[in-house]
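Beneath this line is the structure, given in structure tokens, with notes to follow.
Number of protein chains: 2
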Amino acid sequence: MPELTIHLDSHLKQPLYEQIYDYIRISIADGKISCGEKLPSTRFLSAHLGVARSTVETAYAQLLSEGYMEAKPCRGYYACDISGLYTVSSPALAEEPQTGKREAYRIDFSPDENDFSCFPFAAWRRVSKDTLAGSDATLLAAGEAAGEWALREAVCRYLYQARGVICRAHQLVIGAGNEYLLMLLTQILGPGKTVAIENPTYPNAYRTLENMGYRMRPVSGDKYGIRVEQVEAQQPDIVYVMPSHQFPMGTVMPLERRLKLLGWAAQKRGRYIIEDDHDSEFRYKGKPVPSLQGSDGSGTVIYLGTFSRSISPAIRVSYMVLPLKLLAPYRIKCGFYASTVPREQQTALAAFLNGGYFERYLNKMRRIYKGKHDCFHALLKQEAWVKQIYGDYAGIHLLVEVNAKQSAAWIVDEAKHRGVRAYALTEYLMQKEPRQAYANGFDKTLLLGYGARTVEELKEGIACIRGILAGQPK
Amino acid sequence: MPELTIHLDSHLKQPLYEQIYDYIRISIADGKISCGEKLPSTRFLSAHLGVARSTVETAYAQLLSEGYMEAKPCRGYYACDISGLYTVSSPALAEEPQTGKREAYRIDFSPDENDFSCFPFAAWRRVSKDTLAGSDATLLAAGEAAGEWALREAVCRYLYQARGVICRAHQLVIGAGNEYLLMLLTQILGPGKTVAIENPTYPNAYRTLENMGYRMRPVSGDKYGIRVEQVEAQQPDIVYVMPSHQFPMGTVMPLERRLKLLGWAAQKRGRYIIEDDHDSEFRYKGKPVPSLQGSDGSGTVIYLGTFSRSISPAIRVSYMVLPLKLLAPYRIKCGFYASTVPREQQTALAAFLNGGYFERYLNKMRRIYKGKHDCFHALLKQEAWVKQIYGDYAGIHLLVEVNAKQSAAWIVDEAKHRGVRAYALTEYLMQKEPRQAYANGFDKTLLLGYGARTVEELKEGIACIRGILAGQPK
Numbered sequence: 001m002p003e004l005t006i007h008l009d010s011h012l013k014q015p016l017y018e019q020i021y022d023y024i025r026i027s028i029a030d031g032k033i034s035c036g037e038k039l040p041s042t043r044f045l046s047a048h049l050g051v052a053r054s055t056v057e058t059a060y061a062q063l064l065s066e067g068y069m070e071a072k073p074c075r076g077y078y079a080c081d082i083s084g085l086y087t088v089s090s091p092a093l094a095e096e097p098q099t100g101k102r103e104a105y106r107i108d109f110s111p112d113e114n115d116f117s118c119f120p121f122a123a124w125r126r127v128s129k130d131t132l133a134g135s136d137a138t139l140l141a142a143g144e145a146a147g148e149w150a151l152r153e154a155v156c157r158y159l160y161q162a163r164g165v166i167c168r169a170h171q172l173v174i175g176a177g178n179e180y181l182l183m184l185l186t187q188i189l190g191p192g193k194t195v196a197i198e199n200p201t202y203p204n205a206y207r208t209l210e211n212m213g214y215r216m217r218p219v220s221g222d223k224y225g226i227r228v229e230q231v232e233a234q235q236p237d238i239v240y241v242m243p244s245h246q247f248p249m250g251t252v253m254p255l256e257r258r259l260k261l262l263g264w265a266a267q268k269r270g271r272y273i274i275e276d277d278h279d280s281e282f283r284y285k286g287k288p289v290p291s292l293q294g295s296d297g298s299g300t301v302i303y304l305g306t307f308s309r310s311i312s313p314a315i316r317v318s319y320m321v322l323p324l325k326l327l328a329p330y331r332i333k334c335g336f337y338a339s340t341v342p343r344e345q346q347t348a349l350a351a352f353l354n355g356g357y358f359e360r361y362l363n364k365m366r367r368i369y370k371g372k373h374d375c376f377h378a379l380l381k382q383e384a385w386v387k388q389i390y391g392d393y394a395g396i397h398l399l400v401e402v403n404a405k406q407s408a409a410w411i412v413d414e415a416k417h418r419g420v421r422a423y424a425l426t427e428y429l430m431q432k433e434p435r436q437a438y439a440n441g442f443d444k445t446l447l448l449g450y451g452a453r454t455v456e457e458l459k460e461g462i463a464c465i466r467g468i469l470a471g472q473p474k
Numbered sequence: 001m002p003e004l005t006i007h008l009d010s011h012l013k014q015p016l017y018e019q020i021y022d023y024i025r026i027s028i029a030d031g032k033i034s035c036g037e038k039l040p041s042t043r044f045l046s047a048h049l050g051v052a053r054s055t056v057e058t059a060y061a062q063l064l065s066e067g068y069m070e071a072k073p074c075r076g077y078y079a080c081d082i083s084g085l086y087t088v089s090s091p092a093l094a095e096e097p098q099t100g101k102r103e104a105y106r107i108d109f110s111p112d113e114n115d116f117s118c119f120p121f122a123a124w125r126r127v128s129k130d131t132l133a134g135s136d137a138t139l140l141a142a143g144e145a146a147g148e149w150a151l152r153e154a155v156c157r158y159l160y161q162a163r164g165v166i167c168r169a170h171q172l173v174i175g176a177g178n179e180y181l182l183m184l185l186t187q188i189l190g191p192g193k194t195v196a197i198e199n200p201t202y203p204n205a206y207r208t209l210e211n212m213g214y215r216m217r218p219v220s221g222d223k224y225g226i227r228v229e230q231v232e233a234q235q236p237d238i239v240y241v242m243p244s245h246q247f248p249m250g251t252v253m254p255l256e257r258r259l260k261l262l263g264w265a266a267q268k269r270g271r272y273i274i275e276d277d278h279d280s281e282f283r284y285k286g287k288p289v290p291s292l293q294g295s296d297g298s299g300t301v302i303y304l305g306t307f308s309r310s311i312s313p314a315i316r317v318s319y320m321v322l323p324l325k326l327l328a329p330y331r332i333k334c335g336f337y338a339s340t341v342p343r344e345q346q347t348a349l350a351a352f353l354n355g356g357y358f359e360r361y362l363n364k365m366r367r368i369y370k371g372k373h374d375c376f377h378a379l380l381k382q383e384a385w386v387k388q389i390y391g392d393y394a395g396i397h398l399l400v401e402v403n404a405k406q407s408a409a410w411i412v413d414e415a416k417h418r419g420v421r422a423y424a425l426t427e428y429l430m431q432k433e434p435r436q437a438y439a440n441g442f443d444k445t446l447l448l449g450y451g452a453r454t455v456e457e458l459k460e461g462i463a464c465i466r467g468i469l470a471g472q473p474k
């Protein structure tokens, strides 16, 4: 029998039984106690160590359950062959350098960065904890492929009341981000389609569809949005639009244009409109513009929305509303994919919506973003280098056409050297029709996000651009 | 000024300030207080209601922050135009019937169902809570595309120590499930590839790759796994294999066959082996079989693993190890996709691994599944209708060839009527070479999962099949 010289320390945070468990486990793993060797009885070891017998019994129970020792009836405890067991060492102190991190700027005018200062962390933690407290085998088992029913119902209600989307919960598919849902959608619609897409647009949608083998046809718009004649000229199967608040232009598509687009889709079987409603939550003037889906009488609109802007990009929950005729193709082609959003999180999110937290948070953020918008707008209007501001009164960025010989791309480069990240509108132009862009002054237009910036940061960022255009040295 | 007849109830769980907030909010939403109407001062209302002034001030602060009222300097509080605000009603009592639920069986011999009875819920809740407690703006902001660095390092260590995978953390991509990672992989490798895949196999992998437009070539194996000559005959670009524990056959590929397969891949540029290591954690005889990736000297193996079996299918975390030469294509083609796994969950999972909980849980489950395996095996050996048992000593299912005139598919159908879900091996056969299957007795083979079943359920399920084969009525 091995001599067990365990130095127990009752002052440690680690309970005594765990100290015994650890000592024996490591001794077996290290080979100090060999396979087949007999271990002392719990009575003997507890007396030897001067601890309660139940303490040793707890340690032994754990070692038995994990396969480090076995109990032979009427004979005692024996160390097991542990060659099949997993032993994973703790992290080493010297970590490898982290790669692929984003560059850090003093001020980043990103249009994708949210302000989390008012996020109801307490409420979020409460609903998450309630979910965890109730977390049992059911919550760990595989959930429904299209998403938890409770969440689909909660999103369905929200979409009807806030966005005028007309659907039932079984038309909803919950997924980990818009890009993932687009990957599913291309599988539902089948390969080799042609897509007309607004130009400029949200590059990730363009690139995802392109990666999935779709032919992408960027189509420029006017102040009412995408031009349906130009769409027709491309002979697409699908049109990808953001009618309520086009990114990055901020265009709102009026009813007439919407009806024309819906008419195009209804003309021929197999035509679809993908309505990306990604940041329609934040409008600072008048009523929210209802969704295109709500006006669709022919079941041609696929509605896509996300909680990335309205809650957080880190929670990765998006939703897609399928027209009824695509439900069977969805089940056949994609019904076998398990949901990509953890069940725990879906349950917590449903509670966050049903508890009214989401509604309150949206209303609060709308006020905060409106305040930032008004302030940023006022600051910019005072600047001599600002020729025109557009895309205002919604979202969390502004488009600023500059009064300058230099291009916006040049300003962006200069600003980077000064620790400020601005964006050029041309970064959002898909490459296929570059010339026309310049006719619209796109090359002189900056895209400046303000959602996550403080007033001081906005002032400092503006001063930086002013300095660049005035030829000031760094 | 409106008459506010608020009935406060200090016995309610809802704080007094929230009762005031709710009353005014609903009155404004209902139009009982109209837009532009003046509201009482906090001093007046607190005296009127007999509550502390700070209580009313708290309610007013919330109404102001959410845009229901505005404060005009030196004039007082006024109700706002709320047409732009979100109001989402609470869930109605009558819910729509849930659709798409799985059929419930009395006993389900599913090979995909885990036993959660020993899951360390307390530890999982602790690491999740610790993550939530630390949850701040950083955790809500978008994370790294390929996954949180801490989790990638933890998985990297685990893979090296437990599976002999040789990689560094920057080669790892974390994603929401194997199918999602396969969708990424097809984008990295490019369209139109031909894939040789073991037959029978894991149908979801086959269907995902097929959905992504790859040409699938099922190749049958022998007792050592896929036959490399037959692979060569198909002229594929990619081979999809499960060398450490083939699903569903349970085959372990010996070193010689592995080297032959690696040799095939190294022969020509652009050839890759996808190694799906999905349930290699559970072996009940001898040492774990190391990964194929660990023997790969030419960077041709893409290693795929998951926590679905080892922790839970509901947490949806899989990982993919890319060979170095695929890192640049990954960044170019897929670098813009945000991670599909929530940051909170990745952080909690890293803590679960680094805290040693995962290692302990694996060892415990290995013992439990081994116990079930031994018991199920012994029970089956006593049955006259059992001709042969194979695929044993690993995973959580057995293959049972039956001594019967009827096919396994017929038995499965009969069992369904008796509330028992068994599986026929032919359900896992990809359709392109059906004839050969019958030569192997595949049509007479049942696949019976035991992971989530109790001994009583195993006995009852066996009795049901015995009854069917003995021609007993239901």
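In order, the protein sequences belong to chains R and C. Per this note's numbering, the first sequence starts with residue 1, numbered consecutively. Per this note's numbering, the second sequence starts with residue 1, numbered consecutively. For every residue, glycine included, the Cβ atom is placed at its ideal position computed from N, Cα and C.
Closer than 7 Å at the beta carbon, the chain R residues around residue i
i, result
"Ser-65(C)", "Lys-364, Arg-367"
"Met-183(C)", "Met-183"
Beta-carbon separation (whole angstroms), residue i vs residue j, contact threshold 8 Å
i, j, result
"Gln-246(R)", "Glu-275(R)", "That pair is no contact at about 11 Å."
"Ala-265(R)", "Thr-300(R)", "4 Å"
"Pro-248(C)", "His-377(C)", "That pair is no contact at about 16 Å."
"Leu-502(C)", "Ala-422(C)", "In the structure displayed, chain C extends from 1 to 474; residue 502(C) sits before or after that span and is not available."
"Tyr-303(C)", "Asp-277(C)", "6 Å"
"Val-400(C)", "Ile-389(C)", "6 Å"
"Pro-40(C)", "Met-69(C)", "Wrong, their Cβ atoms sit about 11 Å apart, outside the cutoff."
"Gln-346(C)", "Leu-151(C)", "5 Å"
"Leu-362(C)", "Ser-310(C)", "6 Å"
Under 7 Å between C-beta atoms of residue i and residue j
i, j, result
"Leu-182(C)", "Val-155(C)", "no"
"Ile-238(R)", "Tyr-272(R)", "yes"
"Arg-53(C)", "Thr-42(C)", "yes"
"Asn-204(R)", "Phe-336(C)", "yes"
"Arg-258(R)", "Tyr-224(R)", "no"
"Leu-4(R)", "Leu-16(R)", "no"
"Phe-282(C)", "Arg-366(C)", "yes"
"Arg-163(R)", "Ser-298(R)", "no"
"Ile-107(C)", "Glu-457(C)", "yes"
"Val-490(R)", "Ser-318(R)", "No information on residue 490(R) is available, as it lies outside the stretch 1 to 474 that chain R covers here."
"Ile-188(C)", "Lys-325(C)", "no"
"Glu-113(C)", "Ala-452(C)", "yes"
7 Å Cβ cut-off: residues of chain C touching residue i
i, result
"Asn-211(R)", "Gln-187, Lys-333"
"Arg-207(R)", "Phe-336"
"Arg-360(R)", "Glu-66"
Listed by chain order, chain R residues near residue i by CB distance under 8 Å
i, result
"Phe-44(C)", "Neighbours of Phe-44(C) on chain R: none; closest Cβ ~25 Å, over 8 Å."
"Arg-215(C)", "Within 8 Å Cβ-Cβ: nothing; Arg-215(C) doesn't reach chain R, min ~13 Å."
Beta-carbon neighbours of residue i, restricted to chain R and to distances below 9 Å
i, result
"Gln-345(C)", "Pro-342, Glu-344, Gln-345"
Proximal residues of chain C, C-beta to C-beta of residue i below 9 Å
i, result
"Lys-129(R)", "Arg-125, Ser-128, Lys-129, Leu-132"
Closer than 8 Å at the beta carbon, the chain C residues around residue i
i, result
"Arg-106(R)", "Near Arg-106(R) there are no residues of chain C at all, since even the closest Cβ is about 17 Å away, more than 8 Å."
Residues in the stretch 306-339 of chain C having any Cβ partner in chain R nearer than 9 Å: Residues Ser-308, Ile-311, Ser-312, Pro-313, Ala-314, Ile-315, Arg-316, Val-317, Arg-331, Lys-333, Cys-334, Gly-335, Phe-336, Tyr-337, Ala-338, Ser-339.
The stretch 172-205 of chain C: which residues have C-beta closer than 7 Å to a C-beta of chain R, in chain order? Cβ contacts with chain R come from Ala-176, Gly-177, Glu-179, Tyr-180, Met-183, Gln-187, Pro-191, Asn-204.
Which residues, in chain order, does the stretch 140-165 of chain C contribute to contact with chain R at a C-beta distance below 8 Å? Those would be Leu-140, Ala-141, Ala-142, Gly-143, Glu-144, Ala-145, Ala-146, Trp-149, Glu-153, Ala-154, Arg-157, Tyr-158, Gln-161, Ala-162, in chain order.
Got a sec: which bits of the stretch 408-434 of chain C sit with their beta carbon under 7 Å from any beta carbon on chain R, in order along the chain? Residues of the stretch 408-434 of chain C with a C-beta atom less than 7 Å from some C-beta of chain R do not occur.
Against chain C, which members of the stretch 260-281 of chain R pass a CB distance test of less than 9 Å? Answer in chain order: Glu-281.
Within the stretch 181-258 of chain R, ranges of the beta strand (DSSP E) (whole runs, at least 3 residues): The stretch 181-258 of chain R contains these whole beta strand (DSSP E) runs: 194-199, 215-222, 238-241.
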